[in-house]
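Following: one structure in structure tokens, then a few remarks.
Residue numbers (this note's numbering): 81 to 419.
Set out below in structure tokens:
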């Protein structure tokens with residue numbers, strides 16, 4: 081049963097607002113809605129918040145940046161996954177398949193293990209982004225030829241780069257000290273604990289650009305679902321579409337992973353859920369995936385930081401616990417289709 085697009089958007093948007101409210105008041109320090117309202121209104125009016133000093137610090141410096149980071153990263157990962165699944169016509173494709181996540185992991189781990197402590201705040205996201213982007217371009221160049229871009233070679237090159245990145249990560253882990261090992265493991269499993277308001281404008285800009293540019297490609301992605309030959313007959317420049325989509329995904333996922341670490345399964349699971357609810361039309365699939373991706377990551381972060389209060393779990397563990405069973409269901413469905 082297909083659900084109307086407007087109804088689906090309204091439901092997920094209201095649900096997201098509900099979980100934003102829960103994330104604001106819930107945590108190691110519980111804050112009432114009245115205190116939260118007082119802090120937020122005072123911050124907008126530039127009034128002093130001495131009456132809510134603890135609540136002000138918790139909300140403005142910790143929770144609100146973290147909530148915004150979860151929404152933006154979830155939106156980017158989910159939309160990127162939906163685009164790649166349409167581009168490759170492969171239901172098991174996700175943003176990590178083009179090597180950006182594994183490359184970013186290598187860059188971040190080099191920064192964690194090799195560089196001095198004073199440089200890490202800027203060098204970890206910077207090197208993660210550059211390494212992720214570089215790995216993606218290497219994978220794309222391996223798959224590119226005079227005849228076009230081979231999807232099969234692209235996927236195999238992504239697997240090869242992921243294997244090489246795994247070996248590099250293992251090598252660096254072997255030489256890391258105890259402090260670096262902890263930071264390294266948390267980054268590999270994903271975490272929003274270091275969210276800062278200074279990082280949000282860049283992520284917001286990237287997210288808006290991706291949403292707009294992806295939405296302009298919905299007709300081309302819909303045509304590509306019929307096959308590359310059919311899309312070419314309809315006037316779609318398939319090679320340019322592949323190149324532009326891969327570059328945009330690499331930039332978006334590279335920025336997201338640089339600030340949140342590796343968060344799996346969001347780009348795989350969310351597009352499938354949306355596809356089951358509103359169909360494969362990318363005109364509807366992409367915006368709903370963006371909303372649901374942000375909501376799913378927000379819920380996962382809420383669970384990660386409240387299930388073992390005052391300690392917290394890496395958010396990647398929560399998304400994997402949600403995504404792994406769904407991934408198995410997808411594999412079983414694909415098996416029934418082929419056998």
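Just so it is clear, CB atoms sit at the ideal spot from N, CA and C, and this is done for glycine as well. Just so you know, these numbers come straight off a predicted model, no measurement behind them.
Let's see if you can read the secondary structure: which residues bound the alpha helix (DSSP H) around residue 331?
318 to 340
When burial is assigned at 16 or more other CB atoms within 10 Å of the CB, is residue 322 buried or exposed?
Counting Cβ neighbours within 10 Å, residue 322 comes out buried, since at least 16 surround it.
Proximal residues to residue 222 (C-beta, below 7 Å), its chain only, five neighbours per side dropped:
233, 237
Among residues of its own chain, excluding the 5 on either side of residue 211, which ones have a beta-carbon nearer than 7 Å to its beta-carbon?
183, 184, 186, 187
Assign residue 339 to buried or exposed, taking buried as 16 or more other Cβ atoms, counted over all protein chains shown, within 10 Å of its Cβ.
Here residue 339 is buried, its C-beta having at least 16 other C-beta atoms within 10 Å.
Put residue 229 into one of helix, strand or coil per three-state DSSP.
Three-state result, residue 229: strand.
Is there contact here, the segment 324 to 342 with the segment 137 to 144, by at least three beta-carbon pairs under 8 Å?
no
In the DSSP assignment, the alpha helix (DSSP H) including residue 312 goes from what residue to what residue?
308 to 313
Rounded to the nearest angstrom, what separates residue 372 and residue 272 at their Cα positions?
18 Å
Cβ atoms of residue 157 and residue 358: under 8 Å apart, would you say?
no
Please state if the CB of residue 382 and the CB of residue 167 are separated by a distance shorter than 8 Å.
no
Shortest alpha-carbon distance to residue 148 belongs to which of 120, 107, 281, 356?
281
Distance, Cα to Cα, residue 355 vs residue 286?
24 Å
Can the beta-carbon of residue 333 be found less than 8 Å from the beta-carbon of residue 231?
The answer is no: Cβ separation not under 8 Å.
Can you tell me the Cβ-Cβ gap for residue 394 and residue 270, rounded? I've got them flagged as a contact below 8 Å.
6 Å
Please report the straight-line C-alpha distance between residue 102 and residue 375, rounded to a whole angstrom.
12 Å
Alpha carbon to alpha carbon, what distance is there between residue 111 and residue 146?
16 Å
With a threshold of 16 other CB atoms inside 10 Å of the CB of residue 173, please say whether the residue is buried or exposed.
buried
Using CA atoms only, rank isn't needed, just tell me which of 196, 220, 191 is closest to residue 177.
220
I'd like to confirm the pairing. Which residues does DSSP put opposite residue 224 in its beta bridges?
DSSP output for residue 224 lists 229 as bridge partner(s).
Residue 394 (DSSP reduced to helix, strand or coil)
coil
Quick one: give me the first and last residue of the alpha helix (DSSP H) that residue 197 is part of.
Looking at the DSSP string, residue 197 is not in any alpha helix (DSSP H), and its letter there is neither H nor E.
The alpha helix (DSSP H) that contains residue 297, what's its start and end?
Where residue 297 is concerned, there is no enclosing alpha helix (DSSP H), given that its DSSP letter is neither H nor E.
Is it buried or exposed for residue 118, if we count other Cβ within 10 angstroms and need 16 for buried?
Residue 118 should be labelled buried.
By how many angstroms is the C-alpha of residue 107 removed from the C-alpha of residue 116?
Approximately 13 Å, taken between the alpha carbons.
Whole angstroms is fine: what's the gap from residue 136's alpha carbon to residue 364's?
38 Å
Consult DSSP for residue 257 and reduce its assignment to one of helix, strand or coil.
coil
Residue range of the alpha helix (DSSP H) that includes residue 173
Per DSSP, residue 173 lies in no alpha helix (DSSP H) and is assigned neither H nor E.
Does DSSP put residue 184 in a helix, a strand or coil?
helix
What whole-angstrom Cβ distance do residue 337 and residue 191 have, given they're in contact under 8 Å?
Not quite, the Cβ-Cβ distance comes to about 13 Å (not below 8 Å), so this is no contact.
To the nearest angstrom, how far is it from the Cα of residue 260 to the Cα of residue 310?
The straight-line gap from Cα to Cα measures roughly 52 Å.
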